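Visitor: In this note's numbering, the protein residues as written are 338 to 968.
Ideal placement from N, C-alpha and C gives every residue a C-beta, glycine not left out.
Treat the numbers as computed from the prediction; the structure is a model and nothing was measured.
One structure, as structure tokens, below. Some questions next.
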RNA sequence: GCGCCCGUAGCUCAGUCGGAUAGAGCGUCGGCCUUCUAAGCCGAAUGUCGCAGGUUCGAUCCCUGCCGGGCGCGCCA
């Protein structure tokens, strides 16, 4: 990364560096601050309430108006045990808590007790875990989990639709790792099947020698165009044949015979066709590699359909012999009555060849046996929900205990404003076009002003990170069960709730820290060694914006834990947007100047900015988003 | 027909153990740059939470039935 600054900046630079985890001595969904508050409250409740502080911590919420306090405790749940009305309980509890050193103010309000934290003490609990470091992501759980995602087909084009899967899978890998799991990131490439035959038919039969030369920079994408052309031609012939066009019907029949011939020749390992297949396949793989590199995504294991094809057929024989699978109309499958609307799951066609489903079973076995995984996650669009229910049920009946821990993460499709994406109608945005337009827009609209002032290399890096941040955040911020309408023009705006807004916020906080350093005002991390003094210093905080920011920072841990537990990165997006807004309100407030303030206030604010900066960096990192050091 | 998903502000969406006056972004209108990044901040306006029942002290949230939209449903992947 270009532009990583002078000494000591490394710690708070937002460039690339070793990642670290946040280590807390509490459960994942709560925080040390909430537990501390809950313990105090539990101590003030009558013994009959009999409530566990850890549970009580879960009940703490935010008052509707920040002016009411930092935290609110609903007292409805105590009503039964204490045999009193919630308002009375709230009033009595508030009275019992009066004078507690944890709170600056305690007010009953209806069935609630509103709590205003003693900000210095609270900050002294919230900030240190964010300021300590650097640590690495640690494996703290025994389970090994595999996340399978991306799964593009070779010989087809990679487009924005594929980006949602890629961003989602990558974020899940990062979130689960941050949550302590041993995670294997897996890809599964579709390098066999009818689409290959169609593509090669066009390549071999329709193109001449002159046309058979792919552009050096985008050979995989070019192959995808061939596939699209072939597919469109076949569909056109099909349509025409349906209306009685005899010539079209004949052409269609010839083409189908040819694609079948290609498919069979490939299965028979015909040397000449295999050579063509390997060469063209390599072009696609090279494209994918470049895409993954640009996206900052890495896989630990790449599976290929071609490697589970034959094992799948052997597996069918094996479990047919065992009586787990059955014959039906000459085909082989399994009856999963659990899925009432389509109980038969076909695993071998009448012609003896395998299916998508067959390979998925062989792949699952390979995953279990080769990687000894305890849990297996599949990131695949929601249209395949029934398919995966069948796969998992079947695996269970085949005797794999891991079947209980197989999970499909379904997500809805990406569409364009002009409708669902379709190769046939050309209604599609390919990856390269997406990347070029995003990068180009960022360069011309936001970074042009730095030309000449910044090194060209830094500008290029910056454009890359912003374009990528916009795409990833856009793909992740929406819940998985919501369709995404990808409007390139809208995504280029980069305003409001976007990745670049968060990246810009980090650059802003980083700028304060950097300028402080230049003025000899470094963040005083030695204070972390002196808790009493730290509390005293942080006691200088008191502005509403500071209060809001401290409580917002406390939410990082639960947000990450919730996202990991629910396999929902959008939770982190929502949280980070709130955090960034808090940070920007703080940074904008005239009452909260950092470098222009003095003494403990300045020291405390520097710590607060540094902690916020780190929280944003760490949160974004779990989404696969990196912010440039300056913007 | 059966199954899964969606329906909340003009638009796009949060709100997933049931809790206070249902929130955000965009758009609209009006403010804020001689002071740490205006890709920002502040303020205003905008709602039968698809409809109807039920459970509950309390329902956008849970249950039932409808209406509207998307997707899937035996030899594709």
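By Cβ distance, which residues of its chain are closer than 6 Å to residue 817, with the 5 residues on each side in sequence left out?
Guide: 748
Visitor: Taking 7 Å as the threshold (C-beta atoms), are residue 941 and residue 337 in contact?
Guide: Since the first and last residues shown for the chain are 338 and 968, residue 337 lies out of range.
Visitor: Please look up how many angstroms separate the CB atoms of residue 508 and residue 858, rounded, as I've assumed it's under 8 Å.
Guide: With a Cβ gap of about 36 Å, residue 508 and residue 858 do not count as contacting.
Visitor: Would you kindly report the start and end of the unbroken beta strand (DSSP E) that includes residue 713?
Guide: DSSP places residue 713 in the uninterrupted beta strand (DSSP E) bounded by 712–716.
Visitor: Out of 824, 964 and 866, which has the shortest C-alpha to C-alpha gap to residue 464?
Guide: With distances taken between CA atoms, residue 464 lies nearest to 866 out of 824, 964 and 866.
Visitor: Could you tell me whether the segment 669–683 touches the segment 620–634, where touching means 3 or more Cβ pairs closer than 8 Å?
Guide: no
Visitor: Quick one: grab the DSSP three-state call for residue 436.
Guide: coil
Visitor: Cα-Cα, which of 730, 462 and 754 is closest to residue 741?
Guide: 730
Visitor: From what residue to what residue does the alpha helix (DSSP H) around residue 799 run?
Guide: 793–814
Visitor: Measuring straight from C-alpha to C-alpha, what distance separates residue 366 and residue 428?
Guide: Spanning the two alpha carbons is a distance of roughly 28 Å.
Visitor: How about residue 484 and residue 515: are their beta carbons less than 7 Å apart?
Guide: no
Visitor: Is the segment 686–704 in contact with the segment 642–651, if contact means three or more CB pairs nearer than 8 Å?
Guide: yes
Visitor: Tell me, please, whether the segment 886–902 touches the segment 452–469 by the rule of three or more beta-carbon pairs shorter than 8 Å.
Guide: The answer is yes - the segment 452–469 touches the segment 886–902, with three or more Cβ pairs under 8 Å.
Visitor: Write down the C-beta distance between residue 670 and residue 684 rounded to the nearest angstrom, noting that I regard them as a contact closer than 8 Å.
Guide: 5 Å
Visitor: To the nearest angstrom, report how far apart residue 470 and residue 458 are at their CA atoms.
Guide: 21 Å
Visitor: Classify residue 616: buried if its beta carbon has 16 or more other beta carbons within 10 angstroms, exposed otherwise.
Guide: With fewer than 16 other Cβ atoms inside 10 Å of its own Cβ, residue 616 counts as exposed.
Visitor: CA-CA distance, residue 656 and residue 578?
Guide: 41 Å
Visitor: In the DSSP assignment, the alpha helix (DSSP H) including residue 456 goes from what residue to what residue?
Guide: Its alpha helix (DSSP H) spans residues 456–468.
Visitor: If distances are taken between C-alpha atoms only, which option among 830, 718, 460 and 899 comes closest to residue 820?
Guide: 718
Visitor: Which residue from 918, 967 and 909 puts its Cα closest to that of residue 955?
Guide: The residue with the shortest Cα to Cα distance from residue 955 is 909.
Visitor: So which of 828, 405 and 410 has the shortest CA-CA distance to residue 376?
Guide: 410
Visitor: Tell me which residue opens and which closes the alpha helix (DSSP H) that residue 732 is part of.
Guide: Here the alpha helix (DSSP H) through residue 732 covers 722–734.
Visitor: Sort 950, 938, 764 and 475 by Cα distance to residue 310 and report the nearest one.
Guide: Outside the modelled stretch of the chain, which goes from 338 to 968, sits residue 310, for which no answer is possible.
Visitor: Here's the rule I'm using: 16 or more other beta-carbon atoms within 10 Å means buried, otherwise exposed. How should residue 505 be labelled?
Guide: buried
Visitor: Could you check how far apart the C-beta atoms of residue 373 and residue 437 are, in whole angstroms? I think they sit under 8 Å.
Guide: Contact flag wrong, Cβ pair sits at about 11 Å.
Visitor: Does the separation of the CB atoms of residue 744 and residue 714 fall below 7 Å?
Guide: Yes, the pair counts as a contact, with Cβ atoms nearer than the cut-off.
Visitor: So, using beta-carbon positions, are residue 907 and residue 814 closer together than 7 Å?
Guide: yes
Visitor: Apart from the five residues just before and just after residue 666, which ones in its own chain have a Cβ nearer than 8 Å to its Cβ?
Guide: Within the same chain, residue 666 has close Cβ partners 687.
Visitor: Taking DSSP as the reference, what is the three-state secondary structure of residue 959?
Guide: coil
Visitor: Residue 950 to residue 912, Cα distance in whole Å?
Guide: 14 Å
Visitor: For residue 738, which of 828, 720, 701 and 753 has the nearest alpha-carbon?
Guide: When the alpha-carbon of residue 738 is set against those of 828, 720, 701 and 753, the nearest one is in 701.
Visitor: Among all the DSSP beta bridges, which residues are the ones paired with residue 743?
Guide: 713
Visitor: Alpha carbon to alpha carbon, what distance is there between residue 784 and residue 856?
Guide: 27 Å
Visitor: Below 8 Å, how does it come out for the segment 750–758 and the segment 560–568: are there three or more Cβ pairs, yes or no?
Guide: no
Visitor: Leaving aside the five residues before and after residue 727 along the sequence, list all residues of the same chain whose C-beta is less than 6 Å from its C-beta, in chain order.
Guide: 673 and 682
Visitor: Measure the C-alpha to C-alpha separation of residue 340 and residue 399 and round it to an integer number of angstroms.
Guide: No answer about residue 340 holds up, because its pLDDT of 30 lies below 50 and its placement is not dependable.
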